[in-house]
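S.K.: Residue numbers (my numbering): 208 to 552.
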Amino acid sequence: MKKIMVAIIGYGMSGKFFHVPPLYTHQNFTIKYVMTTNLERKAELEKEYPRIQVISNYETALSDPEIDLIIIATSNDVHYSYTKLALEHFKHVVVEKPFVETYKEANELYQLASKNKRILRVFHNRRYDGDIITIKELLKTHDFGKLVSFKSRFDTYDPMVKNAWRDKDTLMAGVFYDLAPHLVHHAIELFGLPNELSCDLFLDRENALVDDHFELTLFYNNFTCFLGADKLTRFPGPRFEIIGTKASYAKYGFDQPDCVHFKTNEHYQTSGLKSVFSLSPTDQKDIPLRLGTHFEFYDKFYRDIISYPNMDDDKSFALNVIHIMEEALKSNDLKRRVKINQNNR
Numbered sequence: 208m209k210k211i212m213v214a215i216i217g218y219g220m221s222g223k224f225f226h227v228p229p230l231y232t233h234q235n236f237t238i239k240y241v242m243t244t245n246l247e248r249k250a251e252l253e254k255e256y257p258r259i260q261v262i263s264n265y266e267t268a269l270s271d272p273e274i275d276l277i278i279i280a281t282s283n284d285v286h287y288s289y290t291k292l293a294l295e296h297f298k299h300v301v302v303e304k305p306f307v308e309t310y311k312e313a314n315e316l317y318q319l320a321s322k323n324k325r326i327l328r329v330f331h332n333r334r335y336d337g338d339i340i341t342i343k344e345l346l347k348t349h350d351f352g353k354l355v356s357f358k359s360r361f362d363t364y365d366p367m368v369k370n371a372w373r374d375k376d377t378l379m380a381g382v383f384y385d386l387a388p389h390l391v392h393h394a395i396e397l398f399g400l401p402n403e404l405s406c407d408l409f410l411d412r413e414n415a416l417v418d419d420h421f422e423l424t425l426f427y428n429n430f431t432c433f434l435g436a437d438k439l440t441r442f443p444g445p446r447f448e449i450i451g452t453k454a455s456y457a458k459y460g461f462d463q464p465d466c467v468h469f470k471t472n473e474h475y476q477t478s479g480l481k482s483v484f485s486l487s488p489t490d491q492k493d494i495p496l497r498l499g500t501h502f503e504f505y506d507k508f509y510r511d512i513i514s515y516p517n518m519d520d521d522k523s524f525a526l527n528v529i530h531i532m533e534e535a536l537k538s539n540d541l542k543r544r545v546k547i548n549q550n551n552r
């Protein structure tokens, strides 16, 4: 089978933890390049991954005919331009979330990918988290009655504004662009597009330049999703909560391990995190948490490169996430609910 030659552009948290580890030993991929201009990260790469060539110029990867796949793990402000350049050079592309600012830009890039017979995929890796896999199974196997609400939060305690691009007043910075793609993706994968939404962005921390807290509500027919994240949570509530007329479910804390890069014979976490299905305050049942299956992202991507599928549900989800986030920002600006177009745009 053909090995896919890879260039990873960027070696911050995403490149270091989510892309290099699963691909470095993957039987179907070879990492030829990692791009970074940070000298400490360059030294780390050369020590930990001696087979990888460290480059400092994007053109090196673009112009190399051996490179099949470019993974864009950069700051958000160059996602659009770097993705477009890679597709114009006939490379497959994986691009970190948040993808791009607008549905128009996203659709343009997918059309370019289709024209050049290349696969473009947004790295929505949280769809492979163990807790969301557990919730998908629960909704199929347990009777909640009529679903009333779904809550998903990404709260942390991080009170100091940092000298990093996420906290700077730059393109697609702030906690909304950083974390809302995960939560929105979960909601629309579970429940589809809402009828309406409302969103508020906040600057809670002293000296904050961009939003560090958001509250996004998705309104369905007699059902509501509450999504949010902030940086000053000292007493964490549920990470996920489902409320129905007959039963509820709550899960606390972030998965342990956070990412599962390699297939294992184990199927459940041993984290001890609270995961409870409840018929009443006195009738509760512990629900084992599934292990994440993050390795499936690149396994699936390889199969799709080889077979080039006619239908791509990842594309549909990515476009819907962009659509919801655009409308959420409109809601924040207008300070009111906005209606969601249910039809293909």
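Note that beta-carbon positions come from the ideal geometry of N, C-alpha and C, so glycine has one too.
With distance defined between alpha-carbon atoms, name the residue in 332, 445 and 223 nearest to residue 241.
M.R.: Of the listed residues, the one whose Cα sits closest to residue 241 is 223.
S.K.: Determine the extent of the beta strand (DSSP E) in which residue 288 is found, giving its start and end residues.
M.R.: No beta strand (DSSP E) holds residue 288; the alpha helix (DSSP H) holding it covers 286-295.
S.K.: Which partner residues of residue 469 appear in the DSSP bridge assignment?
M.R.: Residue 469 pairs with nothing; no bridge assigned.
S.K.: Which first and last residues belong to the alpha helix (DSSP H) in which residue 504 is found?
M.R.: Looking at the DSSP string, the run of the alpha helix (DSSP H) that includes residue 504 is 503-514.
S.K.: When you compare only the Cα positions, how much space is there between residue 528 and residue 297?
M.R.: When rounded, the distance between both Cα atoms is 25 Å.
S.K.: Given this structure, state the Cα-to-Cα distance separating residue 281 from residue 502, to the nearest angstrom.
M.R.: Straight-line Cα distance between these residues: approximately 21 Å.
S.K.: As an exercise, report each continuous beta strand (DSSP E) stretch of at least 3 residues that is fully enclosed by the segment 209-246, in chain order.
M.R.: Taking only runs of at least 3 residues, the beta strand (DSSP E) segments lying wholly in the segment 209-246 are 211-216 and 236-242.
S.K.: Using CA coordinates, which residue listed in 353, 505 and 341 is at the minimum distance from residue 332?
M.R.: Of the listed residues, the one whose Cα sits closest to residue 332 is 505.
S.K.: Thinking residue 382 and residue 421 are a contact (beta carbons under 8 Å), I'd like their distance in whole angstroms, please.
M.R.: Contact holds; Cβ gap of about 6 Å.
S.K.: Going by the DSSP bridge assignment, what does residue 491 pair with across the sheet?
M.R.: 485.
S.K.: Between 220, 229 and 372, which lies nearest to residue 469 when the distance is taken from Cα to Cα?
M.R.: It is 229.
S.K.: Is the distance from the Cβ of residue 356 to the Cβ of residue 430 below 9 Å?
M.R.: In this structure, residue 430 lies closer than 9 Å to residue 356 by Cβ.
S.K.: Which class does residue 358 belong to by DSSP, given the choice of helix, strand or coil?
M.R.: In this structure, residue 358 counts as strand in the three-state DSSP scheme.
S.K.: For residue 417, which of helix, strand or coil comes out of DSSP?
M.R.: Reduced to three states, the DSSP call for residue 417 is coil.
S.K.: Would you call residue 286 buried or exposed, if buried means 16 or more other Cβ atoms sit within 10 Å of its Cβ?
M.R.: With 16 or more other Cβ atoms within 10 Å, it is buried.
S.K.: Is the number of C-beta pairs between the segment 437-457 and the segment 339-353 that are closer than 8 Å three or more?
M.R.: Yes: at least three Cβ pairs fall under 8 Å.
S.K.: Does residue 262 come out as helix, strand or coil in the three-state DSSP assignment?
M.R.: Of the three classes helix, strand and coil, the one that applies to residue 262 here is strand, per DSSP.
S.K.: How far does the alpha helix (DSSP H) with residue 383 in it extend, from its first residue to its last?
M.R.: 382-398 is the extent of the alpha helix (DSSP H) around residue 383.
S.K.: So residue 531 packs on residue 395, CB below 8 Å; how close in whole Å?
M.R.: Sure, about 7 Å apart at Cβ, within 8 Å.
S.K.: Alpha carbon to alpha carbon, what distance is there between residue 443 and residue 487?
M.R.: The straight-line gap from Cα to Cα measures roughly 22 Å.
S.K.: Between the Cα of residue 266 and those of 214, 250, 537 and 535, spot the shortest distance and give me the residue it belongs to.
M.R.: The shortest C-alpha separation from residue 266 is found at 214.
S.K.: For residue 553 versus residue 314, is the C-beta spacing smaller than 9 Å?
M.R.: Residue 553 is absent from the structure shown; the chain starts at 208 and stops at 552.
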